[in-house]
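Mapping the sequence shown onto this note's numbering, position 55 (from 1) lands on 55, and the numbers just tick up by one. Below is one structure, written out as structure tokens, with a few remarks after it.
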Amino acid sequence: MNRTHNMIGVGIVGGIFSGLTGVGGSAILVSLMVAWLGMSQHRAQGTTPAVILPTALVGAASYAVQGLNGQFRFDAGLALSLIPAIALPSIAGVAIGATWMSVLPAAQLRRAFGVFLFFVALSMLTRGILPIGTASGQSLAIPFIFWILLGFVAGVLSGFLGIGGAMVIIPFMTLGAGIPQHMTQGVSLAIIAITAIAGAYTQYRLGHVEGSAVVPMGISSVVAVVAASLVAGQIDSFWLTKIFGLALLFFSYQFTFGSTIPKPPVASSRAPVDFSPGSYQI
């Protein structure tokens, strides 16, 4: 298996994860780029937004088309109002969070956030089974300012702790506002695409983007996200929520304890990578 095949494999894994969960999957992409492609941490983190941008954009479009065709509950007007309300403050929050990274104890706060994610994951997994959250399926009227604050807080956490802001946005939209899981995942991907524009441009200016890897990873990731989002569209919202809850459990473990990503089955001199959360995009 040569390096190009590994690039395609990385893109497929990232696209499937994004399509099924609505999360950008930057933590997975960065770790696989380091482990499978031998990139440096900075190079991997710099290349990730350029791969996520087309993936999230196409994934969001796939969810929107399915929703408009009646595949699941979808409110286009609400989605179009939420996307800029959350995305734009999030970009500002990322910049602020990044400045705090060098002066506050990020390692301890990452562990605390991991514990927080654990309880959020339990809420997602028990939604519809135990009386937690707005399991009735009725969306609640949330003041517009709260969506702006949500985007800002998610951005600060993303910039400071190196987390994906979607891990905050999706649970709030689903559990707190009662917005259907399919719709929250599509909105999340649209928000990720907007924030990835800023991330990709910044990393390109810094010279951290490996251009030769963007095309094979981007194409394979786009194909995978379409396939995965179409599969997600066929899954009942109850079970899709459980899939997202399991993904949160995975990230909860990573933030709290850390782990490793295995290398592909090929002889290589590259060292295994520590899958502790780094400075990832939303």
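Glycine included, every Cβ here is placed at the ideal spot set by N, Cα and C.
Judged by their CB atoms, Met167 and Thr241 are not nearer to each other than the 8 Å cut-off. Straight-line measurement puts the Cα of Pro49 at about 30 Å from the Cα of Asp236. Taking Ala247 as reference, the option from Asn6, Ala95, Ile16, Gly9 with the minimal CA-CA separation is Ile16.
Of the residues Gly70, Gly22, Tyr201, the one whose Cα lies closest to the Cα of Ile191 is Gly22. Taking 8 Å as the cut-off, the Cβ atoms of Gly159 and Gly211 do not count as close.
Rounded to the nearest angstrom, the gap between the Cα atoms of Thr184 and Met39 is 33 Å.
For Arg73, the three-state secondary structure derived from DSSP is coil.
Between Leu37 and Leu157, the alpha-carbon positions lie close to 28 Å from each other.
Spatial neighbours of Phe118 in its own chain (CB-CB distance under 6 Å, excluding positions within 5 residues in sequence) are listed in chain order as Ser252. The C-alpha of Leu68 lies about 14 Å from the C-alpha of Gly59. In this structure, the straight-line span from the alpha carbon of Ile170 to that of Ser188 is close to 7 Å. Between the stretch 51-58 and the stretch 194-205, the count of C-beta pairs closer than 8 Å reaches three or more; the two stretches touch. Ranked by how close their Cα comes to the Cα of Gln254, the residues Asn6, Ile28, Val65 have Ile28 in first place.
If you ignore the 5 residues before and after Trp147, its C-beta comes within less than 7 Å of the C-beta of Leu82, Ala85, Ile86, all in its own chain and listed in chain order.
Looking at the DSSP output, Arg111 bridges to nothing. Here Pro143 is exposed: its Cβ has fewer than 16 other Cβ atoms, across all protein chains shown, within 10 Å.
When DSSP reads this structure, Arg43 sits in no beta bridge, so it has no partner. Annotation: the continuous alpha helix (DSSP H) that includes Arg205 extends over 181-206.
Around the beta carbon of Ile145, fewer than 16 other beta carbons lie within 10 angstroms, which makes this residue exposed.
Contact check for Gly155 against Ser90 passes: the beta carbons are separated by less than 8 Å. Within the same chain, and ignoring the five residues on either side of Ala200 in sequence, the residues whose Cβ sits closer than 6 Å to its Cβ are Pro49, Ala50, Leu53. In this chain, the alpha helix (DSSP H) harbouring Met7 covers 3-21. Counting the other CB atoms within 10 Å of its CB gives Pro105 a total below 16, which places it among the exposed residues.
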